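Asker: Okay, so the sequence shown: first residue is 301 according to my numbering, each after it adds one.
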Amino acid sequence: MKRYYAMMADIAGKRCIVVGGGKVAERKTAALLDARGSVCVISPTVTSQLRFWHEQGVLEWRQRLYRAGDASKASLVFAASDDPDVNRQVAQEAEQHGIWANVANEPGEGSFVVPTGFRRGPLHIAVTASGASPHLAVEVRRKLEVTISEEYEVLALFLERMRNMLKSRVNDEQARKEFMRRLVVEQVSEWLAEGTVAERTEEWIKRMEEHPCAPLW
301 MKRYYAMMAD
311 IAGKRCIVVG
321 GGKVAERKTA
331 ALLDARGSVC
341 VISPTVTSQL
351 RFWHEQGVLE
361 WRQRLYRAGD
371 ASKASLVFAA
381 SDDPDVNRQV
391 AQEAEQHGIW
401 ANVANEPGEG
411 SFVVPTGFRR
421 GPLHIAVTAS
431 GASPHLAVEV
441 RRKLEVTISE
451 EYEVLALFLE
461 RMRNMLKSRV
471 NDEQARKEFM
481 RRLVVEQVSE
491 WLAEGTVAER
501 TEEWIKRMEE
511 HPCAPLW
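Laid out in structure tokens, this is it:
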């Protein structure tokens, strides 16, 4: 089994080729558009949702079969057609050009896999079984969705704001890191246990804004 390196990629404006026009291609495309990728779908037919996005100018649709060279200038390639031979051809061409490729249903044939995941604002939780069992990854994700409540979105946005406010008050980077560590370890866990996330985060922001010279802790 391959050992994958986990990372989050900024694909805003990057050209992403999706080969295929079915539901799998639609799911891949939706995630790419959410990350502001520049998407081109190549398929003789597409789902109604893909067609709608094309008509709205959200993505490019090449209404034909995949041709050699289609993936040569892409940043990411997704082989999601119903034909395993086409998917294999797409992956091989991507590899020849040093382009990252994902192959639906046969992850081992590509150079990366796409985890199942969910978002809580800036917090992005991703789970993968490295291609061994997508169903297990989905089951783990479902359990995490219950555990990681909407309160975590409030916390993530609060902590982001706190970091930005600290940058204007504290020049010592190590001191900022230690403050944020203590805030998460000593306060956030308590707020979650109490169910007081919204109130406490609002109190902290208000205190920081009204007393910018007060001790941080």
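Idealized CB from N, CA, C, for every residue including glycine.
No experiment lies behind these values; they were computed from the predicted model shown.
(1) With DSSP run on the structure shown, which of helix, strand or coil describes THR428?
(2) Beta-carbon within less than 6 Å of LYS328's beta-carbon, same chain only, minus the 5 sequence neighbours each way: which residues are those?
(3) Compare the Cα-Cα distances from SER519 to each of GLY322, ARG362, TYR366 and ALA309 and report the closest residue.
(4) With DSSP run on the structure shown, which of helix, strand or coil describes ILE423?
(5) Grab the span of the alpha helix (DSSP H) containing VAL319 for me, first residue to last.
(6) My guess is that GLY417 and ALA456 are in contact by the Cβ rule of under 8 Å, so how many angstroms apart are they, rounded?
(7) Could you work out which residue in GLU360, GLN389 and VAL488 is closest to VAL346 when comparing CA atoms only?
(8) Are the CB atoms of ALA312 and ALA335 nearer to each other than 8 Å?
(9) Return the chain-ordered list of same chain residues with a C-beta closer than 7 Å to the C-beta of VAL440, the five sequence neighbours on each side being excluded.
(10) I need the DSSP call for ARG362, collapsed to helix, strand or coil.
(11) By the three-class DSSP mapping on this structure, what secondary structure does VAL470 have?
(12) How far does the beta strand (DSSP E) with VAL339 in it extend, from its first residue to its last?
(13) Pick helix, strand or coil for ASN405, following the three-state DSSP scheme.
(14) So, CYS316 versus SER338, is the Cβ gap smaller than 8 Å?
(15) Residue range of the beta strand (DSSP E) that ALA379 falls in?
(16) Closer than 8 Å by C-beta to ASN464: which residues in its own chain qualify, once you throw out the five before and the five after it? Chain order, please.
(17) Provide the residue(s) that pair with PHE418 in DSSP beta bridges, ordered along the chain.
(18) Please state if the CB of MET307 and the CB of SER275 are separated by a distance shorter than 8 Å.
(19) Comparing alpha-carbon positions, which option in ASP310, ARG469 and GLN396 lies nearest SER372?
(20) Among the candidates PRO415, GLY408, SER489 and ASP385, whose CA atom is the shortest distance from the CA of HIS435?
(21) For LEU376, which residues of its own chain have a beta-carbon under 6 Å away from its beta-carbon, when the five flanking residues on both sides are left out?
(22) Quick one, are the C-beta atoms of ASN402 and PHE412 less than 8 Å apart?
Answerer: According to the structure data:
(1) Indexing the sequence shown from 1 puts residue 428 at position 128. Coil at THR428, not helix or strand.
(2) Counting from one through the sequence shown, the residue named residue 328 turns up at place 28. Excluding positions up to five away in sequence, the list reads VAL318, PHE378 and ALA380.
(3) With the chain covering 301 to 517 only, the question about residue 519 has no answer from this structure.
(4) Counting from one through the sequence shown, the residue named residue 423 turns up at place 123. The amino acid occupying residue 423 in the given sequence is Leu; Ile does not appear at that position. LEU423 falls in the strand class under three-state DSSP.
(5) By 1-based counting over the sequence shown, the position of residue 319 is 19. That residue, VAL319, is in no alpha helix (DSSP H); its beta strand (DSSP E) goes 315-319.
(6) Numbered from 1 along the sequence shown, position 117 holds the residue referred to as residue 417. Numbered from 1 along the sequence shown, position 156 holds the residue referred to as residue 456. About 15 Å separates the two Cβ atoms, so there is no contact after all.
(7) For this step, residue 346 is matched to residue 46 along the sequence shown. The shortest C-alpha separation from VAL346 is found at GLU360.
(8) Residue numbering aside, residue 312 sits at position 12 when the sequence shown is read from its first letter. Residue numbering aside, residue 335 sits at position 35 when the sequence shown is read from its first letter. Contact: yes.
(9) Position 140 of the sequence shown holds residue 440. Answer for VAL440: VAL427, listed in chain order.
(10) Taking the sequence shown and counting its residues from 1, the one referred to as residue 362 is at position 62. Correct three-state label for ARG362: strand.
(11) On the sequence shown, residue 470 is found 170 positions in, with the first residue counted as 1. Reduced to three states, the DSSP call for VAL470 is coil.
(12) In the sequence shown, counting from the first residue as 1, residue 339 sits at position 39. That run of the beta strand (DSSP E) goes 338-342.
(13) The sequence position of residue 405 within the sequence shown is 105, counting from 1. It is coil, neither helix nor strand.
(14) Along the sequence shown, one-based indexing puts residue 316 at 16. Along the sequence shown, one-based indexing puts residue 338 at 38. Yes, the Cβ-Cβ distance between CYS316 and SER338 is below 8 Å.
(15) Position 79 of the sequence shown, counted from the start, is the residue given in the question as residue 379. Start and end: 376-379.
(16) As a first step, residue 464 must be located in the sequence shown, where it is residue number 164. Closer than 8 Å at Cβ, skipping near neighbours: no residue.
(17) As a position in the sequence shown, residue 418 is number 118, starting the count at 1. Answer is ILE425.
(18) No information on residue 275 is available, as it lies outside the stretch 301 to 517 that the chain covers here.
(19) Position 72 of the sequence shown, counting from 1, holds the residue named residue 372. That would be GLN396, whose Cα lies nearest to the Cα of SER372.
(20) Residue 435 sits at position 135 when you count from the first residue of the sequence shown. If we check each option's Cα against that of HIS435, PRO415 comes out closest.
(21) Within the sequence shown, the letter at position 76 stands for residue 376. Here the set comprises CYS316 and TRP400.
(22) Here residue 402 is taken as the residue at index 102 of the sequence shown, counted from 1. Here residue 412 is taken as the residue at index 112 of the sequence shown, counted from 1. Contact: yes.
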